[in-house]
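Q:
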Amino acid sequence: MEQLLRVLIAVAERQNFSRAAEDLHMTQPAVSQYIKSLEQALGCKLLERNNKYVRLNKAGEIVYYHAKEILGMYERMQNLVHDLMYTPSGHLTIGASYTYGEYVLPHVIARLRELYPRITPSITIHNSRVISAQVANRQLDVGIVESEHVGEKMNVEPFADDQMYVIVSSDHRLARQSEVRVEQLADETWIVREEGSGTREAAEKLFLSLQIEPSKRMEFGSTQVIKESVEAGLGISLLSDWAIRKEQKLKTLHILPVAGTPLTRKFSIVTQSDSFRTKALELFLELLRENACNSSGLVIK
């Protein structure tokens, strides 16, 4: 059954029998036979096919979703047994929100690879809501998120503080003011992240605390794009200190003296509350906590 599920996943993700066969190092007829065997075992068709594409039907979507979960649990079982007998190794699936994933996590992964080269991490970067959902669905072993809204039956461990500042281009007129009034902020164009992002959540908290509701907004799904947009003078934003350290050194971004800032939020580790933890995961969590303790010395090159 394990191989049947792996073949279905490959076909579903590649949407093509030939490309799936290449990925699996199999022949196309063999892939077709595996799909046929799985459909016979389940008593229903799983795919819609024509000359242009191969797609999951409703039954196929259900099987695909659970196949990912089943194979993830199978792999974790193998890793747990392996940990009892050998040095730390195996695959580790890690998810992180954009701020932590893009500006901090690479340093932690580099340290992990240096100390434990037999552990092979796989990284997913998305907003906090998506990462939490993927941990809940067992698609990820661990997530690092900044949102306070995490699903039930999840183990949530706050482990690091993050300071957030209102930023403008160094050439912006507000950058030359020693004091910035709230009404000035309300009149500016705010560049914010998408719904589901922890950074967006923090911005909404700031608006609430300042009692403003900016009418001019631009929404982007990337912190990097927001920084570039602010540098270009398109508006102002609220971003993490970790995300803007390089720009501060280069003096391309300026922090505004705004009441109620810096806004402090927590990064949290999210894991399944009912799961055994592999040695690889435990070692990774130790490195996360260690990095948080030393975060003031983190160098962004």
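First residue of the sequence shown? That's 1 in the UniProt record's numbering, and the numbers climb one at a time after it. Glycine included, each C-beta is placed from N, C-alpha and C at the ideal position.
Going straight from the alpha carbon of Glu146 to that of Gly198, what length do you get?
A: Here residue 146 refers to the residue found at position 146 when the sequence shown is read from its first residue. Here residue 198 refers to the residue found at position 198 when the sequence shown is read from its first residue. Roughly 5 angstroms between the two C-alpha positions.
Q: Are the CB atoms of Lys251 and Ser170 nearer to each other than 8 angstroms?
A: The count along the sequence shown starts at 1 and reaches residue 251 at position 251. The count along the sequence shown starts at 1 and reaches residue 170 at position 170. Taking 8 angstroms as the Cβ cut-off, Lys251 and Ser170 qualify as a contacting pair.
Q: Could you check how far apart the C-beta atoms of residue 328 and Ile269 are, in whole angstroms? I think they sit under 8 angstroms.
A: Here the chain has residues from 1 to 301 only, and residue 328 is not among them.
Q: For Gly90, list the residues DSSP reports as bridge partners.
A: Residue 90 sits at position 90 when you count from the first residue of the sequence shown. Ile119, per the DSSP bridge assignment.
Q: Evaluate Gly297 with the Cβ neighbour count: other Cβ atoms within 10 Å of its Cβ, from every protein chain shown; 16 or more gives buried, anything less gives exposed.
A: As a position in the sequence shown, residue 297 is number 297, starting the count at 1. Below a pLDDT of 50, predicted positions are generally treated as unreliable, and Gly297, at 41, falls in that range; the measurement from the model is reported next regardless. Gly297 is exposed by the Cβ-count criterion.
Q: So, at 6 angstroms on beta carbons, what are the nonlocal neighbours of Gly95 in its own chain, with the 5 sequence-adjacent residues on each side left out?
A: Your numbering for residue 95 matches position 95 in the sequence shown. Closer than 6 angstroms at the Cβ level, and outside the excluded window around Gly95, lie Thr124, Ile131, Gln134, Leu140 and Gly143.
Q: Is the beta carbon of Lys45 sitting closer than 8 angstroms to the one on Ala59?
A: Taking the sequence shown and counting its residues from 1, the one referred to as residue 45 is at position 45. Taking the sequence shown and counting its residues from 1, the one referred to as residue 59 is at position 59. For Lys45 and Ala59, yes; Cβs fall inside 8 angstroms.
Q: Determine the DSSP secondary structure at Phe284, reduced to helix, strand or coil.
A: Here residue 284 refers to the residue found at position 284 of the sequence shown. Looking at Phe284 - three-state DSSP - the assignment turns out to be helix.
Q: When DSSP labels each residue in this structure, what does Arg245 get in the three-state scheme?
A: On the sequence shown, position 245 is the one that residue 245 refers to. Of the three classes helix, strand and coil, the one that applies to Arg245 here is helix, per DSSP.
Q: Considering only their Cβ atoms, is the gap separating Phe276 from Leu80 smaller than 8 angstroms?
A: Residue 80 sits at position 80 when you count from the first residue of the sequence shown. Residue 276 sits at position 276 when you count from the first residue of the sequence shown. It is a contact, given that the beta carbons lie within the stated cut-off.
Q: Nearest-angstrom Cα distance between Ser209 and Ala202?
A: Here residue 209 refers to the residue found at position 209 when the sequence shown is read from its first residue. Here residue 202 refers to the residue found at position 202 when the sequence shown is read from its first residue. The alpha-carbon atoms of Ser209 and Ala202 are separated by roughly 11 angstroms.
Q: Assuming Ser32 contacts Phe17 under a Cβ cut-off of 8 angstroms, what Cβ separation, rounded to an integer in Å, is found between them?
A: Walking along the sequence shown from the start, residue 32 turns up at place 32. Walking along the sequence shown from the start, residue 17 turns up at place 17. Between Phe17 and Ser32 the Cβ distance is about 6 angstroms, and since that is below 8 angstroms, they are a contact.
Q: Determine the DSSP secondary structure at Glu219, reduced to helix, strand or coil.
A: Here residue 219 refers to the residue found at position 219 of the sequence shown. Correct three-state label for Glu219: strand.
Q: Which residue spans inside the segment 187-214 form an unbroken beta strand (DSSP E) run of at least 3?
A: Listed in chain order, they are 190-193.
Q: Provide the residue span of the alpha helix (DSSP H) that contains Ala30, from first to last.
A: Counted from its first residue, the sequence shown places residue 30 at position 30. Residues Gln28 to Leu42.
Q: In terms of alpha-carbon separation, which member of Arg193, Met218, Ser222 and Arg245 lies closest to Gly233?
A: Along the sequence shown, read from residue 1 onward, the residue named residue 233 stands at position 233. For Gly233, the nearest C-alpha among the options comes from Met218.
Q: With respect to the alpha helix (DSSP H) encompassing Ala133, which residues constitute its N-terminal and C-terminal limits?
A: Position 133 of the sequence shown, counted from the start, is the residue given in the question as residue 133. First-last of the alpha helix (DSSP H) with Ala133: Ser128 to Ala136.
Q: Between residue 340 and Val63, which are expected to be in contact by the criterion C-beta below 8 angstroms, what is the C-beta distance as a whole number of angstroms?
A: Not covered by the structure: residue 340. The range shown for the chain is 1 to 301.
Q: With DSSP as the reference, label Phe267 as helix, strand or coil.
A: One-based indexing of the sequence shown puts residue 267 at position 267. The answer is strand: DSSP assigns Phe267 an E or B state.
Q: Would you call Gly43 buried or exposed, if buried means 16 or more other Cβ atoms sit within 10 Å of its Cβ?
A: Stepping through the sequence shown from its first residue, residue 43 is reached at position 43. So Gly43 ends up on the exposed side.
Q: Do you know offhand how far Pro117's Cα is from Ser89's?
A: For this step, residue 117 is matched to residue 117 along the sequence shown. For this step, residue 89 is matched to residue 89 along the sequence shown. Roughly 8 angstroms between the two C-alpha positions.
Q: Out of curiosity, what's the CA-to-CA distance linking Pro214 and Glu188?
A: Reading the sequence shown from its first residue, position 214 is the one you call residue 214. Reading the sequence shown from its first residue, position 188 is the one you call residue 188. The alpha-carbon atoms of Pro214 and Glu188 are separated by roughly 7 angstroms.
Q: With distances taken between CB atoms, is the gap from Val182 to Leu238 smaller than 8 angstroms?
A: Along the sequence shown, read from residue 1 onward, the residue named residue 182 stands at position 182. Along the sequence shown, read from residue 1 onward, the residue named residue 238 stands at position 238. No, Cβ-Cβ distance for Val182 and Leu238 is not below 8 angstroms.
Q: Which value, in whole angstroms, describes the spacing of the CA atoms of Val54 and Met77?
A: Locating residue 54 in the sequence shown gives position 54, counting from the first residue. Locating residue 77 in the sequence shown gives position 77, counting from the first residue. So the alpha carbons of these two residues sit roughly 32 angstroms apart.
Q: With distance defined between alpha-carbon atoms, name the residue in Glu114, Leu47 and Gly260 nearest to Met164.
A: Within the sequence shown, the letter at position 164 stands for residue 164. The shortest Cα separation from Met164 among Glu114, Leu47 and Gly260 belongs to Gly260.
Q: Please go through the same chain and pick out, in chain order, the residues whose beta-carbon is closer than 7 angstroms to the beta-carbon of Pro121, but skip the five residues on each side of it.
A: By one-based count along the sequence shown, residue 121 stands at place 121. For Pro121, where only same-chain residues beyond five positions count, the Cβ hits under 7 angstroms are Leu92, Ile94, Ile109 and Leu112.
Q: Leu238 lies in the beta strand (DSSP E); which residues open and close that run?
A: For the purposes of this step, residue 238 is taken as residue 238 along the sequence shown, with counting starting at 1. Start and end: Ser237 to Ser240.
Q: For Arg6, which of Lys68, Glu48 and Leu56 has the nearest alpha-carbon?
A: The sequence position of residue 6 within the sequence shown is 6, counting from 1. Taking only the C-alpha atoms, the option nearest Arg6 is Lys68.
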